[in-house]
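For reference, the structure is listed below as structure tokens.
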């Protein structure tokens with residue numbers, strides 16, 4: 003796991019964990035700053051100390067080889083992986099040149115030193131400046147907050163209101179500064195991948211021109227250079243798209259922060275000031291603690307944390323809540339207080355103070371109060387824009403009309419789909435085209451609407467649908483293959499997932515991707531390569547339901563999915579995945595010895611398995627119930643391709659169980675769990691192999707497609723069956739067979 007994404011909503015919570023995340027980002031930028039400084043120093047040595055050229059080369063190569071970029075999120079794209087590995091590749095080139103003693107380094111000041119120093123001063127320097135402002139605002143806010151909370155409740159109401167207003171202003175300023183700082187940190191983390199590597203790439207190109215025998219070495223380097231340039235350009239393009247989405251999210255959160263406040267049905271958390279009583283004559287003190295209240299267990303976890311002491315976290319104390327009572331100001335000269343009775347220490351009452359009236363209501367509600375708590379309100383593009391776009395016949399007609407117009411009038415226009423139309427015209431055209439009374443305009447011949455307006459309208463229509471074309475439900479399944487696996491496994495998984503889409507979604511998606519493939523085929527003129535189209539249509543065709551920075555960081559994987567769909571649209575939409583499909587891989591199967599079978603597929607174990615004792619062999623709902631079960635893991639999705647919209651392990655699961663339940667009984671073990679099926683009469687059930695299998699353990703059976711098994715029964719191993727083949731008994735992967 004790399005660096006954690008910094009959620010904008012956490013700026014308002016300002017939890018200790020959030021502060022720890024910020025510190026890890028700051029440490030990474032400090033490490034980058036030290037790395038650039040060291041690289042700059044090494045470059046000077048190469049220029050000024052030619053007599054020690056070999057030593058300088060080794061040091062420089064070592065610096066490159068030891069540094070590694072951190073990344074935000076749980077996975078990297080292939081481009082990012084290549085960029086991360088590029089420093090090691092550069093190091094290997096230098097070692098090779100040092101062995102041959104043919105390196106002559108010139109002109110590195112302009113190609114390497116200045117860009118790196120510029121990045122360090124402008125980007126990392128600005129991050130340091132933002133950091134100081136952030137720490138200053140932190141100190142200012144929490145000092146003013148404590149001063150406010152220490153005010154006597156007996157003061158006049160105007161004075162109290164004025165003090166509240168001042169602190170509220172300071173709080174808003176602090177939170178705005180926090181949002182800016184978090185955004186800046188993540189922007190630089192992403193930017194450094196290409197701003198640091200690209201100058202190095204230029205440096206290597208400059209050096210190669212002065213080598214003795216440099217021509218051959220430059221040829222060796224040329225292929226890698228071109229690939230890396232594509233990786234950098236792809237990463238930069240994805241960064242630009244991600245940055246726009248991040249700014250939009252920050253803007254929405256800044257406008258209505260309460261709608262994005264993180265809430266949980268399981269727990270509530272925030273800061274409370276806890277009164278710690280001391281023996282006379284010392285009185286009592288108030289200590290700020292970050293509290294998490296677990297609602298079901300009624301446990302309150304409290305950890306001491308002071309932002310002004312370097313963010314050091316103290317020990318955690320936990321108490322069990324018995325009751326919570328609002329404390330009035332005539333009992334204690336402080337506002338927003340609660341008395342908490344705890345079961346751990348009978349008769350002991352813990353007095354805590356919340357940060358504001360709203361916070362007071364929040365804790366009262368969390369601990370058993372009746373005040374309502376604001377809930378997150380989801381948004382859709384269509385509601386924001388006031389557009390009633392639907393995936394119906396009218397919408398399908400518009401998609402066909404727009405595609406025909408674009409391919410007829412503007413297939414060679416530079417920046418097709420990149421260049422946007424005037425917003426008011428786009429809105430007007432979409433409103434016109436989704437109205438049944440006025441949608442008969444032929445856009446391919448109508449000169450009233452230019453091509454960029456049509457392309458922008460098509461994108462707006464797709465974004466304005468109540469649900470993305472590739473659906474919320476399959477979003478994580480589509481993203482999972484893009485985060486790992488071979489190109490073949492990615493393609494197979496996406497092929498299978500496309501055929502799980504609703505029929506109309508799949509129809510429109512097929513039309514659109516066929517069109518995008520046509521656009522990409524004209525990329526020499528319109529400059530819209532598959533990668534560029536992936537950047538444009540990734541967030542248009544698929545997006546998550548939640549608006550978070552972590553979700554936005556998956557934009558790059560959305561782009562990869564769309565690229566695969568464009569490149570292989572003929573196969574994906576032309577062929578239904580199935581057992582007869584060429585290149586089909588067998589479904590996953592359970593591995594009992596993980597250390598031996600790390601590369602073996604895993605069995606799809608369905609926790610919603612139909613109970614063998616309750617299912618009637620003639621029940622019509624068995625198959626449909628099993629279809630609703632999940633695949634079990636992303637790994638199984640990415641390693642298989644199946645013949646229909648439902649993978650065989652899901653479609654056949656209920657049918658196999660129903661077949662086996664006829665005339666069979668389950669024997670419960672001593673723990674009361676059903677473990678073994680005893681077949682009675684007729685030699686048991688029979689099954690036929692639909693995939694070949696090679697045994698990896700003596701308890702398993704090896705077989706080819708078409709093999710017939712007898713005496714088939716469920717096994718104790720989830721996902722496996724027991725059966726007999728050619729007189730030998732053993733285990734059979736459940737999703738490799740069909741019952742006869």
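Residue numbers (the working numbering): 3 to 742. Where a beta carbon is used, it is the ideal one built from N, C-alpha and C, also for glycine.
{"Check": "Does the structure place the stretch 433-442 close enough to the stretch 409-417 that three or more beta carbon pairs sit under 8 Å?", "Outcome": "no"}
{"Check": "Any idea what DSSP makes of residue 287, helix, strand or coil?", "Outcome": "strand"}
{"Check": "Can you say whether residue 531 is buried or exposed, counting buried as having 16 or more other CB atoms within 10 angstroms of its CB?", "Outcome": "buried"}
{"Check": "Quick check on residue 301: does DSSP put it in helix, strand or coil?", "Outcome": "strand"}
{"Check": "Please report the straight-line C-alpha distance between residue 514 and residue 549, rounded to a whole angstrom.", "Outcome": "26 Å"}
{"Check": "Out of 38, 500 and 573, point me to the one whose CA is closest to residue 544's CA.", "Outcome": "500"}
{"Check": "Alpha carbon to alpha carbon, how far is residue 190 from residue 133?", "Outcome": "13 Å"}
{"Check": "Closest to residue 50 by C-alpha separation, out of 732, 724 and 111, would be which residue?", "Outcome": "111"}
{"Check": "Pair every Cβ in the stretch 180-197 with every Cβ in the stretch 11-27, then say whether three or more of these pairs are closer than 8 Å.", "Outcome": "yes"}
{"Check": "Using the Cα positions of residue 237 and residue 87, report the straight-line distance between them to the nearest angstrom.", "Outcome": "14 Å"}
{"Check": "So, residue 288 versus residue 231, is the Cβ gap smaller than 8 Å?", "Outcome": "no"}
{"Check": "Say whether the stretch 392-404 touches the stretch 502-512, bearing in mind that this needs 3 or more beta-carbon pairs closer than 8 Å, one atom from each stretch.", "Outcome": "yes"}
{"Check": "Keeping to the same chain, check which residues put their C-beta closer than 7 Å to that of residue 247; ignore five residues upstream and five downstream.", "Outcome": "541, 554 and 557"}
{"Check": "Using CA coordinates, which residue listed in 136, 736 and 217 is at the minimum distance from residue 717?", "Outcome": "736"}
{"Check": "Kindly indicate which residue of 325, 358 and 359 has the alpha-carbon position closest to the one of residue 349.", "Outcome": "325"}
{"Check": "Should the stretch 335-343 be regarded as contacting the stretch 357-364, the criterion being three or more beta carbon pairs within less than 8 Å?", "Outcome": "yes"}
{"Check": "Going by DSSP, which residues form a beta bridge with residue 321?", "Outcome": "302"}
{"Check": "Please go through the same chain and pick out, in chain order, the residues whose beta-carbon is closer than 6 Å to the beta-carbon of residue 227, but skip the five residues on each side of it.", "Outcome": "none"}
{"Check": "What does DSSP give as the partner residues of residue 340 in its beta bridges?", "Outcome": "328 and 354"}
{"Check": "Would you kindly work out how many angstroms separate the C-alpha atoms of residue 143 and residue 169, rounded to a whole number?", "Outcome": "7 Å"}
{"Check": "Would you mind stating whether residue 305 and residue 292 have Cβ atoms separated by less than 8 Å?", "Outcome": "yes"}
{"Check": "Could you work out which residue in 129, 85 and 55 is closest to residue 97 when comparing CA atoms only?", "Outcome": "55"}
{"Check": "Could you pull out every residue in the same chain whose Cβ sits closer than 8 Å to the Cβ of residue 410, ignoring the five residues on either side in sequence?", "Outcome": "446"}
{"Check": "For residue 454, which residues of its own chain have a beta-carbon under 6 Å away from its beta-carbon, when the five flanking residues on both sides are left out?", "Outcome": "421 and 423"}
{"Check": "If you compare alpha carbons, which of 298, 469 and 251 is closest to residue 269?", "Outcome": "298"}
{"Check": "Can residue 574 and residue 496 be called in contact, C-beta distance under 8 Å?", "Outcome": "yes"}
{"Check": "Among the candidates 571, 538 and 727, whose CA atom is the shortest distance from the CA of residue 242?", "Outcome": "538"}
{"Check": "Run through DSSP, which three-state label would residue 722 get?", "Outcome": "strand"}
{"Check": "For residue 742, name the three-state secondary structure that DSSP assigns.", "Outcome": "coil"}
{"Check": "Flag this pair as yes or no: are the beta carbons of residue 701 and residue 733 separated by less than 8 Å?", "Outcome": "yes"}
{"Check": "What's the C-alpha gap between residue 154 and residue 167?", "Outcome": "16 Å"}
{"Check": "So residue 368 and residue 307 are supposed to be a Cβ contact under 8 Å. How far apart are they, rounded?", "Outcome": "About 19 Å separates the two Cβ atoms, so there is no contact after all."}
{"Check": "Any idea which residues DSSP pairs residue 712 with across the strands?", "Outcome": "726"}
{"Check": "Where residue 77 and residue 486 are concerned, what is the direct C-alpha to C-alpha distance, given to the nearest angstrom?", "Outcome": "8 Å"}
{"Check": "Going by DSSP, what residue range makes up the beta strand (DSSP E) through residue 690?", "Outcome": "687-691"}
{"Check": "Applying the 10 Å Cβ sphere with the 16-neighbour rule, what's the burial state of residue 697?", "Outcome": "exposed"}
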